[in-house]
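Under full-length UniProt numbering, the residues of the sequence shown are numbered 1 to 317, in order. Built from N, CA and C at the ideal position, the CB exists for glycine as well.
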Amino acid sequence: MMLRVLALSLTLFTGFVQATVLQRPITLDTGTGELFGSLLLPKSEQPVPVVLIISGSGPTDRDGNNPEGGRNDSLKRLAWVLAKHNIASVRYDKRGVAASLAATPDERNLSVEAYVADAEAWGRKLKADSRFGPLILLGHSEGALIATLAAPSLDAAAVISLSGSARPVDQVLRQQLSNRLPPPLMLRSNELLDSLKAGRTDDNVPPQLQVIFRPSVQPYLISLFRQDPAAAFGKLKMPALIIQGSNDIQVGVNDARLLKAAKPDAELALIEGMNHVMRIVPNDVKRQLASYRDPQLPLAAELGARIIGFIDGLRTR
């Protein structure tokens with residue numbers, strides 16, 4: 001296995017494998033708004049595997065960019081890695097985000113269930129297209145949960161969880177905020193989390209906590225806090241790959257191990273030095289944050305190698 005990964009890494013680095021790639025916009029009419037995406041399709045006489053790439057939380061767009069976090073083009077670069085190895089992909093702006101903003105302009109109306117329904121609709125569209133072979137769902141960060149929840153109804157060929165949390169997100173937030181907030185604000189934060197976990201909104205949000213708990217985003221958080229990512233992942237019947245970087249400051253290696261424990265037959269790839277935006281970056285806060293705003297940084301070579309090896313291996317299962 002390691003020899004195969006090394007060989008694939010060499011191929012990715014040297015660019016020996018190339019494909020003529022068709023790049024086109026692609027849209028989806030959901031019935032409740034139009035969603036916009038990008039298709040990369042390698043030229044092929046035979047149907048090629050297609051990866052539906054689902055972005056992470058908040059206003060993260062199809063390319064992995066977030067106006068609050070910066071431009072890094074992580075998902076765009078990943079799509080091109082796949083395309084150059086004869087794997088098609090579709091990545092899209094979620095409803096309420098970027099080009100798909102008009103589908104749900106008010107974030108009060110967003111929900112995990114709506115995101116899952118959209119992923120299922122994209123999947124059905126791709127499965128009905130004769131140019132495509134096996135459908136693989138790849139979710140990054142919160143997108144990993146969406147991919148996990150959408151995969152069963154699509155009978156997807158496989159699921160790839162990239163930097164996906166295993167724990168309910170309210171638990172993740174408690175841990176993250178406990179390291180950053182002074183005691184009075186942490187107390188209020190815990191009260192808000194308790195309320196949302198119980199399905200109740202709370203409009204009494206201190207200014208310092210508005211970015212996380214603003215009233216308009218609370219209905220979405222309620223829908224998100226209902227989910228148990230590890231439990232959902234453990235129910236998957238298709239092959240799965242878990243990828244996690246050791247230097248990810250948002251999701252930890254322990255989450256990947258919990259996903260693996262929930263689904264023991266899943267493959268687990270722990271990539272040394274990789275961070276949340278798929279780059280090899282030291283565990284230094286300034287350099288980590290800078291990488292979120294640097295689209296020129298190359299992706300971790302092992303990332304592409306592990307994904308391509310996994311998808312190639314689906315043919316032999």
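Taking 7 Å as the cut-off, decide whether the C-beta atoms of residue i and residue j are in contact.
i	j	result
Val70	Arg287	With the sequence shown as reference, residue 70 is identified as Gly, and Val is not the correct amino acid for it. No, these two residues do not count as a Cβ contact at 7 Å.
Ala230	Ala166	yes
Pro219	Asn72	no
Ala119	Asp61	no
Leu52	Leu137	yes
Pro49	Ile311	yes
Gly123	Leu149	no
Leu35	Leu28	yes
Gly245	Ile271	yes
Buried or exposed: residue i, going by 16 or more other Cβ atoms within 10 Å of its Cβ?
i	result
Val90	buried
Leu135	buried
Asp63	buried
Asp265	exposed
Lys260	buried
Ser216	exposed
Asp255	buried
residue 321	With the chain running from 1 to 317 in the structure shown, residue 321 is simply not present.
Lys43	exposed
Pro168	buried
Gly199	exposed
Which first and last residues belong to the alpha helix (DSSP H) in which residue i is found?
i	result
Ile307	301-314
Gln176	169-178
Just reading off the beta strand (DSSP E) that residue i is part of, what are its end residues?
i	result
Ala198	No beta strand (DSSP E) contains Ala198, which DSSP labels as neither H nor E.
Ile271	267-271
Glu45	First-last for Glu45: undefined, no H or E at that position.
Ser161	158-162
Pro134	132-140
If you drop the 5 nearest sequence neighbours on each side, which residues of the same chain put their C-beta closer than 7 Å to that of residue i?
i	result
Thr316	none
Phe16	Confidence at Phe16 is low in this model, with a pLDDT of 38, below 50, so the placement of that residue should be treated as unreliable; the coordinate-derived value is given next. Counting only Cβ-Cβ distances below 7 Å, and skipping sequence neighbours, we find nothing.
Ile249	Asn275, His276, Gln288
Leu297	Arg279, Ser291
Ala121	Leu28, Thr30
Enumerate in chain order the residues of its own chain whose CB-to-CB distance from residue i is below 6 Å, with the five nearest sequence positions on each side excluded.
i	result
Lys197	Asp170, Phe225
Quick check: is any heavy atom of the ligand FMN less than 6 Å from the C-beta of residue i?
i	result
His140	With respect to the ligand FMN, the structure shown offers nothing to examine, as it has no ligands at all.
Taking only runs that begin and end inside the segment 53-127, name each unbroken beta strand (DSSP E) of 3 or more residues, in chain order. 88-92
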